[in-house]
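Numbering (my numbering), first residue to last: 420 to 639.
Here it is as structure tokens:
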């Protein structure tokens, strides 16, 4: 079973919903846990829950966790295969910079040895904090250096489709090399945040999902 975490104060709900929709189109079984809805949950209960999901052949556990809940929910033996960090540093106004830095480092210390981190390259402060870390990073955003970006802007996105661009070759988790290409996604409402769509698309791409061959290419 793949274990993935989405961290941050913004974007978790929508990003998780898009990922769930993408994997459901592939027939995958997904369990989504939101720390805000389980105030009594702690690290030991998370481990027991993981064991139960594995017994039931769940393909993906997606944990949505706020920075403030990290120490309560996560023990060192919970290892993430994929981490998605949705916030920008300025979004975390409840934390002093040192506390923010410590929590970000704590998050990434929980990645498996071959784990992949999906991060917003438009967040200069976060990118600075991640320099020197040994894990593989997939970046998304509007920056020209982003692994995954978009050429879609404005209201036409919802009529003509959202164009997601993979700008360089990346290895998927199954070893397949995904070559640069464009994916066209149909968004069913105007309520999508572009960064959330890009984060979810990055997740799908590194898991070998061809976004052009999903069921109707529609997102929730």
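Beta carbons: idealized from backbone N, C-alpha and C, even for Gly.
Predicted model, so just to flag it, every value in this text is computed and none were measured.
Check: In the DSSP assignment, find the alpha helix (DSSP H) that holds residue 473 and state where it starts and stops.; Outcome: 462 to 474
Check: How many Å lie between residue 640 and residue 464 at the Cα?; Outcome: With the chain covering 420 to 639 only, the question about residue 640 has no answer from this structure.
Check: Would you tell me roughly how many angstroms separate the C-alpha atoms of residue 623 and residue 557, rounded to the nearest one?; Outcome: 12 Å
Check: Could you check where the alpha helix (DSSP H) with residue 591 kicks off and where it finishes?; Outcome: Per DSSP, residue 591 belongs to no alpha helix (DSSP H) and is neither H nor E.
Check: Buried or exposed, going by whether 16 or more other CB atoms sit within 10 Å of the CB of residue 485?; Outcome: buried
Check: Secondary structure at residue 611, three-state DSSP: helix, strand or coil?; Outcome: coil
Check: So within the region 530 to 559, which uninterrupted beta strand (DSSP E) runs reach at least 3 residues, ignoring any that extend past its ends?; Outcome: 530 to 539 and 555 to 559
Check: Given a cut-off of 7 Å, decide if residue 466 and residue 431 are closer than it, judged by their beta-carbon atoms.; Outcome: no
Check: Assign residue 511 to one of three DSSP states: helix, strand, or coil.; Outcome: Here the model assigns residue 511 a pLDDT of 49, short of 50, so the residue's position is not dependable and the matter cannot be decided.
Check: Which residues bound the alpha helix (DSSP H) around residue 433?; Outcome: 431 to 443
Check: Can you say whether residue 498 is buried or exposed, counting buried as having 16 or more other CB atoms within 10 angstroms of its CB?; Outcome: exposed
Check: Under a Cβ-count criterion, where at least 16 other Cβ atoms within 10 Å of its own Cβ denotes burial, should residue 537 be classed as buried or exposed?; Outcome: buried
Check: Is it buried or exposed, residue 626, if we count other Cβ atoms within 10 angstroms and call 16 or more buried?; Outcome: buried
Check: Looking only at C-alpha atoms, which of 477, 470, 462 and 461 sits nearest to residue 442?; Outcome: 477
Check: According to the neighbour-count rule (16 or more other Cβ atoms, all chains shown, within 10 Å of its Cβ), is residue 563 buried or exposed?; Outcome: exposed
Check: Report yes or no: do the region 581 to 588 and the region 599 to 606 share at least 3 C-beta pairs separated by less than 8 Å?; Outcome: yes
Check: Got a sec, what are the start and stop residues for the alpha helix (DSSP H) residue 523 sits in?; Outcome: 516 to 528
Check: In its own chain, which residues sit with a C-beta less than 8 Å from the C-beta of residue 589, not counting the 5 before and 5 after it?; Outcome: 557, 566, 596, 597, 624 and 625
Check: Where does residue 593 land, buried or exposed, given buried means 16+ other C-beta within 10 angstroms?; Outcome: exposed
Check: Considering just the uninterrupted stretch of the beta strand (DSSP E) at residue 488, what are its terminal residues?; Outcome: Premise fails: residue 488 is in no beta strand (DSSP E) and is neither H nor E.
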